[in-house]
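Below is one structure; the comments refer to it alone.
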Amino acid sequence: MPPKPKTAVSPTREENYPEWYQQVIKAADLAENSPVRGCMVIKPWGYAIWENIQRVLDGMFKATGHRNAYFPLFIPKSYLEKEAQHVEGFAKECAVVTHHRLQQGKDGKLVPAGELEEPLVVRPTSETIIGEMYAKWVQSYRDLPILINQWANVVRWELRTRLFLRTTEFLWQEGHTAHATEEEARVETMKMLDVYADFAQNFMAMPVLKGKKTEGERFPGAVDTFCIEAMMQDRKALQSGTSHFLGQNFAKASDIKFLDESGQLRHAWTTSWGVSTRLIGGLVMTHSDDDGLILPPKLAPAHVVIMPITFKAENPGAVLEYCQKLAAELRAQTFAGRAIEVELDARDLRGGDKVWSWVKKGVPIRLEIGPRDMAADSVFMARRDKATNEKAGVPRAQFVASVAGMLQEMQDNLFARAKAYRDANFKVIENEADFRAYFTPPGGAKDESDGPTPIHGGFAIAHFNGDKAIEEKIRQELAVTVRCIPLPGQVSGADEAGKCIFTGQPSPQRVVWAKAY
RNA sequence: CGGGGUGUAGCGCAGCUUGGUUAGCGCGUCUGACUGGGGGUCAGAAGGUCGGGAGUUCAAAUCUCCCCACCCCGACCA
């Protein structure tokens, strides 16, 4: 029997970060791998987080004038072929439906039959089919803008997958808008980028950088791709949301045309923007520790868990009743615009198991309530953002009155902690030698073929003149890429001109380099 | 699709080189008792086509051949 681990999750982040990530997901019961390779089963606790993400974002989309609709899962192959770069970008990872029926074969097994005249592609994204519909809906400038979002699943046949971060099928939302002018479409692109940044920082408590992608990292078919980039605890970057200015590329491919005020026939300008279940991976890797998940209160499926301690109570029923009454009191409180969510866990489990199960699930506040607490009319409280054994008795009334404030404080603490970590691992780099040293792990391991490399590096802020060949060379040699060209004011010192650290050529500003998911 | 590796109980593994009675171990699971505010102890129980097929042999988890699946690395990616 191996020695009992000191932490609820093993290995620890330090020991093996990728494995730790998997173990946190398992310990928190968020999701598991499915029988279908590369696809995941999102379990209730994980799905509840997604539902909270959906609820908040959906409200933000509605508030910015968007409406939900739903477009088909299947896209005729010919649609995908309309935009050249788009084809190139997605063709290699499409699931294709070629038949519509199964028949019993000679050996009794089912074989596909009824071949389709035109194969259908399972959507990897919906620009093409939505464009096709918009072309019908738009005749006049009076029909614009169209501001639509859809919540859907998409399939990208990835070769290497990781729960939440990259799966063959994933859930997301994709906004698709069409506008009469370039200016309006550009404003829309930036507006939604701001919505994502706002959501990431104020709800996920995940600091993000807003920036623009380089040509190589751009969405296939887009004119400009903007992104929010977050730093995980292994100091790698996670692209957490994207907003694309598509110019007239898709409007031309799908023939979205309208007559303007002067009677001129013009192509519309379109945008698209999305975030996915990958955000849950970001949530895990931003806040969690070696005891499991830590949830920002605003997205936690439960804010408070109450565990009645009834084993040596003379009257267990009274303790339970006290807990139920407390739960009702708490539910009457609001936090961040919704009722406080309370779990009352009266399962017949040993105390330790029960407590640790909620620690691992990341519930912000845990209450253990036994006869002694009831007698004192108090609660015995622990917070997930503090040490597990740091518990204290608090008078019940005081706790109820302060719970919302405490949750907000935890939300703020998580953000502050994540931001401090990110800022501590931001480094302005002025020459190539320092750059290479920064991204070379201790011990000098080149890649991860001999196991995970120690946590190292971070976000490097360095001048770069945009040479694609150099970007590719750095990617090959160091597995480091330009995560984004930060928008003005996002990174202090990034906006000034200088010289590219690789070529010495003039560079208009510094860009953000990092290893990425 | 190239290189490497692994398939034995729910999970992790031993056994295989040197074939030999009812195939083991750890964890987990279930039941009960004692317990219990840092995940406890004891007793008992369930659970296996040894990835599949063919062959060699008196005898195959073990040797041979074929097939399948999965994992890791590379190329590609939200």
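Taking the working numbering, the leading residue of the first sequence gets 780, the next gets one more, and so forth.
A virtual CB, placed ideally from N, CA and C, is assigned to each residue, including glycine.
If you're wondering where the values come from, they're calculated on a predicted model, not measured in any experiment.
Using 8 Å for Cβ pairs, my map puts T1050 next to T968. What's the rounded Cβ distance?
Position 271 of the first sequence holds residue 1050. Position 189 of the first sequence holds residue 968. Right, the Cβ-Cβ distance comes to about 5 Å (below 8 Å), so this counts as a contact.
The region 1246-1265 / the region 1188-1204 touching (three or more Cβ pairs under 8 Å)
no
Contacting residues, own chain, Cβ-Cβ under 7 Å from V1026 (five flanking each side not counted)
Within the first sequence, numbered from 1, the residue matching residue 1026 stands at position 247. With the sequence shown as reference, residue 1026 is identified as Gly, and Val is not the correct amino acid for it. Closer than 7 Å at Cβ, skipping near neighbours: V1002 and W1048.
May I have the straight-line CA-CA distance separating M983 from A1115, to the nearest angstrom?
Indexing the first sequence from 1 puts residue 983 at position 204. Indexing the first sequence from 1 puts residue 1115 at position 336. So the alpha carbons of these two residues sit roughly 13 Å apart.
Considering Q1103, what are the terminal residues of the beta strand (DSSP E) in which it resides?
In the first sequence, the residue the question calls residue 1103 occupies position 324. Unbroken run through Q1103 is the alpha helix (DSSP H), P1095 to R1110; no beta strand (DSSP E).
Grab me the residues of E961's own chain with a C-beta within less than 6 Å of its C-beta, minus the 5 sequence neighbours each way, in chain order.
Within the first sequence, numbered from 1, the residue matching residue 961 stands at position 182. W1048.
In three-state terms, what does DSSP make of H958?
Taking the first residue of the first sequence as position 1, residue 958 is located at position 179. In the structure shown, H958 sits in a strand (DSSP, three-state: E or B).
Roughly how many angstroms separate the alpha carbons of E793 and R945, rounded to a whole number?
Mapped onto the first sequence, residue 793 falls at position 14. Mapped onto the first sequence, residue 945 falls at position 166. E793 and R945: Cα-Cα distance of roughly 22 Å.
For the putative contact between I925 and W936, defined by C-beta atoms under 8 Å, what is the C-beta separation to the nearest angstrom?
If you number the first sequence from 1, residue 925 lands on position 146. If you number the first sequence from 1, residue 936 lands on position 157. Actually they do not touch by this definition, with Cβ atoms about 30 Å apart.
Does DSSP classify N1210 as helix, strand or coil?
In the first sequence, residue 1210 corresponds to position 431, counting from 1. Reduced to three states, the DSSP call for N1210 is coil.
Applying the 10 Å Cβ sphere with the 16-neighbour rule, what's the burial state of F1238?
For the purposes of this step, residue 1238 is taken as the residue at position 459 of the first sequence. Result: buried.
What residue does the alpha helix (DSSP H) around D1246 start on, and which one ends it?
The count along the first sequence starts at 1 and reaches residue 1246 at position 467. From DSSP, D1246 is part of no alpha helix (DSSP H); its letter is neither H nor E.
Residue environment, Y913, which counts as buried when at least 16 other CB atoms sit within 10 Å:
In the first sequence, counting from the first residue as 1, residue 913 sits at position 134. Buried.
Taking only the alpha-carbon atoms, compute the straight-line gap between L972 and I1264 and give it to the nearest angstrom.
Reading the first sequence from its first residue, position 193 is the one you call residue 972. Reading the first sequence from its first residue, position 485 is the one you call residue 1264. Taking the straight line from one Cα to the other gives about 14 Å.
Buried or exposed for N1094, going by 16 or more other Cβ atoms inside 10 Å?
Translated into the one-based positions of the first sequence, residue 1094 becomes position 315. Result: exposed.
Nearest by alpha-carbon distance to P1080: which of M1086, L1072 and P1087 is it?
By one-based count along the first sequence, residue 1080 stands at place 301. Ranking M1086, L1072 and P1087 by Cα distance to P1080 puts L1072 first.
Kindly indicate which three-state DSSP category K1294 falls into: helix, strand or coil?
In the first sequence, the residue the question calls residue 1294 occupies position 515. K1294: coil per DSSP, three-state reduction.
Is it true that the CB of F1037 sits closer than 8 Å to the CB of Q918?
Within the first sequence, residue 918 is the residue found at index 139, counting from 1. Within the first sequence, residue 1037 is the residue found at index 258, counting from 1. For Q918 and F1037, yes; Cβs fall inside 8 Å.
Output the boundary residues of the beta strand (DSSP E) element that contains E830.
On the first sequence, residue 830 is found 51 positions in, with the first residue counted as 1. It is not in any beta strand (DSSP E) - E830 instead sits in the alpha helix (DSSP H) that spans P823 to A842.
When the Cα atoms are used, what is the spatial distance from P898 to I1144?
Mapped onto the first sequence, residue 898 falls at position 119. Mapped onto the first sequence, residue 1144 falls at position 365. Distance between the alpha carbons of P898 and I1144 is about 52 Å.
Suppose contacts are defined by Cβ-Cβ distances below 8 Å. Is S1163 in contact with V1179 by that definition?
Position 384 of the first sequence, counting from 1, holds the residue named residue 1163. Position 400 of the first sequence, counting from 1, holds the residue named residue 1179. The identity of residue 1163 in the sequence shown is Arg, whereas the question assumes Ser. No, they are not a contact pair.
Name the residue from H1242, A1241 and P1220 whose alpha carbon lies nearest to the alpha carbon of T1232.
Residue numbering aside, residue 1232 sits at position 453 when the first sequence is read from its first letter. Of the candidates H1242, A1241 and P1220, the one whose C-alpha sits nearest the C-alpha of T1232 is P1220.
Report the residue from W799, D1068 and D1069 whose alpha carbon sits nearest the alpha carbon of L942.
Here residue 942 corresponds to residue number 163 of the first sequence, with the count starting at 1. Looking at W799, D1068 and D1069, the one whose alpha-carbon comes closest to that of L942 is W799.
Going by beta carbon distance, what residues of the same chain come within less than 8 Å of Y796, once the five residues before and after it are set aside?
The residue labelled residue 796 in the question sits at position 17 within the first sequence. Sequence-distant partners of Y796 (beyond 5 residues in either direction) whose C-beta falls short of 8 Å from its own C-beta, in its chain, are Q1012, D1013, P1231 and I1234.
Taking C-alpha atoms, which residue in W1135, L1105, L938 and H955 lies nearest to V1121?
Mapped onto the first sequence, residue 1121 falls at position 342. Out of W1135, L1105, L938 and H955, L1105 has the C-alpha closest to the C-alpha of V1121.
Reduced DSSP secondary structure (H/G/I, E/B, other) of D1156
Taking the first sequence and counting its residues from 1, one reaches residue 1156 at position 377. Secondary structure of D1156 (DSSP, three-state): coil.
Give the C-beta separation of W1135 and G1053 to the nearest angstrom, bearing in mind that I take them to be a contact with Cβ-Cβ under 8 Å.
Working through the first sequence from its first residue, we reach residue 1135 at position 356. Working through the first sequence from its first residue, we reach residue 1053 at position 274. Not confirmed; about 36 Å, so no contact.
I1119 (DSSP reduced to helix, strand or coil)
Residue numbering aside, residue 1119 sits at position 340 when the first sequence is read from its first letter. Looking at I1119 - three-state DSSP - the assignment turns out to be coil, as it is neither helix nor strand.
Compare the C-alpha of F1214 against each of A1258, G1061, H1023 and V803 and name the closest.
Along the first sequence, read from residue 1 onward, the residue named residue 1214 stands at position 435. When only C-alpha atoms are compared, the closest one is A1258.
Please classify L1193: does DSSP put it in a helix, a strand, or coil?
Here residue 1193 refers to the residue found at position 414 when the first sequence is read from its first residue. Of the three classes helix, strand and coil, the one that applies to L1193 here is helix, per DSSP.
Report the three-state DSSP secondary structure of I909 (helix, strand or coil).
Counting from one through the first sequence, the residue named residue 909 turns up at place 130. Per DSSP, reduced to three states, the secondary structure at I909 is helical.
Whole angstroms are fine: how far does the CA of G825 sit from the CA of K1198?
Stepping through the first sequence from its first residue, residue 1198 is reached at position 419. Stepping through the first sequence from its first residue, residue 825 is reached at position 46. Computed Cα separation, rounded: 24 Å.
V1083 to E811 span [Cα, whole Å]
Residue numbering aside, residue 1083 sits at position 304 when the first sequence is read from its first letter. Residue numbering aside, residue 811 sits at position 32 when the first sequence is read from its first letter. Answer to the nearest angstrom: the Cα atoms are 25 Å apart.
Measure the CB-CB distance between A1009 and V987 and report whether it falls below 8 Å.
Stepping through the first sequence from its first residue, residue 1009 is reached at position 230. Stepping through the first sequence from its first residue, residue 987 is reached at position 208. In contact: A1009 and V987 (Cβ atoms closer than 8 Å).
Is E906 closer than 8 Å to H955 when the C-beta atoms are compared?
Looking up residue 955 in the first sequence gives position 176. Looking up residue 906 in the first sequence gives position 127. Yes, the pair counts as a contact, with Cβ atoms nearer than the cut-off.
Suppose you measure from the CA of V876 to the CA of R816; what does that come to, to the nearest Å?
As a first step, residue 876 must be located in the first sequence, where it is residue number 97. As a first step, residue 816 must be located in the first sequence, where it is residue number 37. Their Cα atoms are separated by approximately 18 Å.
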